[in-house]
Amino acid sequence: MSKYLIAGNWKMNLLQNEAIKLIEDINFGISSLNLSSVEVLVCPPYTDLHIANEKLINSPIQLGAQNMHFMTKGAYTGEISPAMVIDAGCKYVILGHSERRQYFKEDNEILIKKLKSAFDANINPILCIGETLKERELKETTNVLFNQISILNLFEKENLEKLTIAYEPIWAIGTGINATKEQIEEVHLWINNFVYSHFGLNIKILYGGSMNATNAEEILSTENVSGGLIGGASLKSEQFLSIIQTAISLSQ
Ligand code: PEP
Numbered sequence: 003m004s005k006y007l008i009a010g011n012w013k014m015n016l017l018q019n020e021a022i023k024l025i026e027d028i029n030f031g032i033s034s035l036n037l038s039s040v041e042v043l044v045c046p047p048y049t050d051l052h053i054a055n056e057k058l059i060n061s062p063i064q065l066g067a068q069n070m071h072f073m074t075k076g077a078y079t080g081e082i083s084p085a086m087v088i089d090a091g092c093k094y095v096i097l098g099h100s101e102r103r104q105y106f107k108e109d110n111e112i113l114i115k116k117l118k119s120a121f122d123a124n125i126n127p128i129l130c131i132g133e134t135l136k137e138r139e140l141k142e143t144t145n146v147l148f149n150q151i152s153i154l155n156l157f158e159k160e161n162l163e164k165l166t167i168a169y170e171p172i173w174a175i176g177t178g179i180n181a182t183k184e185q186i187e188e189v190h191l192w193i194n195n196f197v198y199s200h201f202g203l204n205i206k207i208l209y210g211g212s213m214n215a216t217n218a219e220e221i222l223s224t225e226n227v228s229g230g231l232i233g234g235a236s237l238k239s240e241q242f243l244s245i246i247q248t249a250i251s252l253s254q
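The numbering used here puts the first residue of the sequence shown at 3, with every later residue one more than the last.
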């Protein structure tokens, strides 16, 4: 298992030409890097996936989707199935991002079905969990995370081996205010302990929330942080490449 996973969540950004340019720039930038200890993933919008997959032939960069439906096919207008995600070249899918929880009412019931579909289809899910600022201020962080992570109890260890968790405090997403090293350390230890004590597994735990080229070293060097889920900074090739470079340096 590589030491770090650096994942870019492009959200609802970049038309096809812009996506091609970004992929080409990242591809060019990493061509001189040693990626033996760092896995790189980009998660473009659905409409950019096929062209991104074409551009990533012979590239070590992996492709992921930002969401998918849990049904395999049928009358679900506007939705994308696990098979479609695979057909577009994806090895990963982000599930339960706070924007989906907030704007599209994704809850545990839906996420259980999506996780099951991802495991059945052999897609590696990245399950996002995180608290609001109010919840943190009310000292509810652990309760909120417990509620979100407890759905894992419904799955077998052999499936959970394919899971990555992203701790994304909602108040840090897109705000320019990242969680402190101490806050990240505390939560990542808690998540690590939960997963290890319940399933005997050490899985990757990413941090997400205003991570950029400047704070990457401090965040990625924190104990139990095995990578980053990066929004805004993943849309700028220099920033994303700098974070990848930081991960490479830290893993040496
Ligand atoms: C995200 O949306 O997953 C994220 C972490 O965004 P940002 O890096 O822009 O805070």
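We put the CB at the ideal spot given by N, CA and C, even for glycine.
Asked: Separation of E158 from N60, as counted between CA atoms; Found: 34 Å
Asked: DSSP three-state assignment for K206, whether helix, strand or coil; Found: strand
Asked: Local Cβ density within 10 Å of I179, reported as buried at 16 or more and exposed below that; Found: exposed
Asked: Residue closest to N226, alpha-carbon to alpha-carbon, out of N194, R103 and N145; Found: N194
Asked: heavy atom of the ligand PEP below 7 Å from I175 C-beta; Found: yes
Asked: Closer than 7 Å: L231 CB and nearest the ligand PEP heavy atom; Found: yes
Asked: Cα-Cα separation, E220 to G66; Found: 26 Å
Asked: 3-residue-minimum beta strand (DSSP E) runs that sit fully inside the segment 116 to 168, ordered along the chain; Found: 126 to 131
Asked: K93 versus K107, S100 and A85, residue with shortest Cα-Cα distance; Found: A85
Asked: Sequence-distant residues of the same chain with beta carbon closer than 8 Å to L191, five excluded per side; Found: E225 and N226
Asked: T216 versus A77: straight-line alpha-carbon distance, rounded; Found: 46 Å
Asked: Any non-hydrogen atom of the ligand PEP within 7 Å of H235 CB; Found: A small fix is needed here, since residue 235 is Ala in this sequence, not His. Checking the Cβ of A235 against the ligand PEP gives yes.
Asked: In DSSP terms, what A67 is bridged to; Found: V95
Asked: Reduced DSSP category for V87 - H, G, I as helix; E, B as strand; rest coil; Found: helix
Asked: Proximity test, E225 beta-carbon vs the ligand PEP heavy atom, cut-off 7 Å; Found: no
Asked: Contact test: G210 Cβ vs the ligand PEP heavy atom, cutoff 7 Å; Found: yes
Asked: Contact the segment 33 to 42 vs the segment 67 to 74: 3+ CB pairs below 8 Å; Found: no
Asked: Where the beta strand (DSSP E) containing I8 begins and where it ends; Found: Y6 to N11
Asked: Cβ separation of L129 and I167, assumed to be a contact under 8 Å, to the nearest whole Å; Found: 5 Å
Asked: Same chain, Cβ closer than 8 Å to Y198, five either side skipped, listed in chain order; Found: N204
Asked: Bounding residues of the beta strand (DSSP E) (the contiguous stretch that carries E41); Found: V40 to C45
Asked: Buried versus exposed, by CB contacts within 10 Å (16 or more), E170; Found: buried
Asked: Residues near N275 in its chain [Cβ-Cβ closer than 8 Å; skip 5 each side]; Found: Residue 275 lies beyond the stretch modelled for the chain, which goes from 3 to 254, so this question has no answer here.
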